[in-house]
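For the sequence shown, our numbering assigns the number 750 to the initial residue and increments by one for each residue that follows.
All C-beta atoms in this analysis are idealised placements derived from N, C-alpha and C, irrespective of residue type, glycine included.
Since the model is a prediction, treat every value here as computed from it, not as a measurement.
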Amino acid sequence: MGKHILILEGDGIGPEIVREAVRVLDVVNRQFNLGITTEHGLMGGCSIDAHGVPLTDETLARARKADAILLGAVGGPKWDKLDRAIRPEKGLLKIRSQLGLYANLRPALLYPQLVEASSLKPEVVSGLDILIVRELAGGIYFGEPRGIRVLENGEREGYNTYKYSESEIIRIGRTAFEMARKRNGKVCSVDKANVLEATMLWREVMDELHKDYPDVELSHMYVDNAAMQLVRAPKQFDVLVTGNMFGDILSDAAAMLTGSIGMLPSASLDKDGRGMYEPCHGSAPDIAGQNIANPLATILSVSMMLRYSLNEPAVADAIEAAVGKVLDQGYRTADIYTEGKTKVSTSQMGDAVVAALN
Ligand code: NAD
């Protein structure tokens, strides 16, 4: 039976960029006879406006049934003053936790055509192709107890709990090893095992799990060194696996190595490989409604969806090749524009990718 996709455009530039990604999905669906069906739903500010909450139970139920979810982005100043419990971002956290999306994959891939857009020297970043695997459902962002309390001397104290169970480490470790098998066969596990017991266990469990993947090379690195190595010699990495907080920080640093947030897709997967796919950037309210946003991160999210949830790697390759071709042709949205290139709108970039696929 054909696969079914739930599309959540979200807010701000969401509808504009998702429109182009869906056009690309429609084209490959026909070309490769994939039999994919789609439906649309609301999440974020648009859902608050329509239903009073960022994610309704009905939309969540449809998300559970779908094979994959394509998301634009959520949020914007219109909803910033609402009570924290019903802000747009709550919809995102809810769908991640309810669907058990614990593995966040963020590739940092530098297209050779955009090497000038990076803040690092071309020789340091050209050919860069890293995959960061971040644990998304545990660690210090979720650990209990947490809070702000008043001590006996009247002073306030903030506290959080950093913990990972063996099973949580094993499932994210497996994701990293499996990904490395499809790439260059190297995993670097990032921790702070010299200071934090939680990550001493992380390192031990990664070593034990490695016995199941003897064909993959495993190394360990402390997070402070990893931050340094990412800007010094990022090409040494293939797959980098780490916990929620370290992954949050390192994946943003890795993203900027590629020069533009408008180019970076992401995937958040559950234990069966079902997932939600979205660009790494937000809803960009400053440029919403102007048809100037870069749709390529969302188009590349469709490609990740085909690769990881729909098991169609050849189709994913075709989309990535089409994106490479439009960059070769010199088409650039404003965020990646440099002199001498052809500046295009959101929809013109979509046109160019569709033409490259045809
Ligand atoms: P942002 O990523 O939306 O924007 C940062 C800057 O990058 C802006 O100048 C924006 O114009 C630019 N930019 C982002 N995407 C672009 C694209 N595709 N093409 C061209 N330029 C692009 O981050 P922000 O401004 O901090 O946040 C705006 C809103 O998005 C906030 O409400 C925030 O909460 C939300 N947000 C949502 C997500 C998500 O849905 N996953 C992620 C991050 C931020």
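Counting only the same chain and skipping the five closest in sequence on each side, list residues whose C-beta sits under 7 angstroms from that of residue i.
i, result
"A1105", "A1071, K1074, V1075"
"S867", "L859, V874, L1006, T1007, G1008"
"L885", "R845, L850, Y851, A852, N853, N993, S1017"
"A799", "L791"
"I921", "Y851, A852, V882, E884, V990"
Report whether the distance from the Cβ of residue i to the nearest heavy atom of the ligand NAD is below 8 angstroms.
i, result
"S1032", "yes"
"V823", "yes"
"I1036", "yes"
"A942", "no"
"A1042", "yes"
"I766", "yes"
"T1082", "yes"
"A1046", "yes"
"L820", "yes"
"I754", "no"
"I797", "no"
"E966", "no"
"G1024", "no"
"E838", "yes"
"G1008", "no"
"P803", "no"
"P1028", "yes"
"I762", "yes"
"G759", "yes"
"P826", "yes"
"D829", "yes"
"L858", "no"
Return the bridge partner residues of residue i from the DSSP annotation.
i, result
"K1092", "R1081"
"L999", "Its beta-bridge partners do not exist; DSSP assigns none."
"E755", "Here the sequence assigns Leu to residue 755, which means Glu is not the residue at that position. In the DSSP output, where bridge partners are listed per residue, L755 has E788, I818."
"Y971", "D940"
"T991", "R883"
"N853", "R883, S1017"
"M1025", "I818, S1017"
"Y908", "G896"
"L858", "D878"
"E927", "Looking at the DSSP assignment, E927 forms no beta bridge with any residue, so it has no partner."
"E966", "K935"
Give me, in chain order, the residues of the same chain whose beta-carbon lies closer than 6 angstroms to that of residue i; leave out the 5 immediate sequence neighbours on both sides.
i, result
"I756", "T787, H789, L819"
"V1064", "V777, F781, L1055"
"R898", "E906"
"A1101", "V1075, Y1080"
Measuring straight from C-alpha to C-alpha, what distance separates residue i and residue j?
i, j, result
"R932", "G751", "27 angstroms"
"N1060", "E927", "14 angstroms"
"I1041", "R883", "30 angstroms"
"V1093", "S1009", "16 angstroms"
"V874", "Y851", "29 angstroms"
"I998", "A976", "9 angstroms"
"T948", "V1103", "46 angstroms"
"I835", "G793", "9 angstroms"
"M955", "V944", "17 angstroms"
"S1052", "R779", "15 angstroms"
"L848", "A1033", "26 angstroms"
"E957", "A1002", "29 angstroms"
"C795", "K912", "35 angstroms"
Excluding the five sequence neighbours on either side, which residues of its own chain have a C-beta within less than 8 angstroms of the C-beta of residue i, listed in chain order?
i, result
"T1082", "G1011, I1041, A1042, N1043, P1044, L1045, K1092, V1093, S1094, T1095, M1098"
"D816", "K752, H753, I754, R1023, S1058, L1059"
Contact the segment 760-772 vs the segment 823-832: 3+ CB pairs below 8 angstroms: yes
Does the segment 982-990 come close enough to the segment 1021-1036 that 3 or more CB-CB pairs lie under 8 angstroms? no
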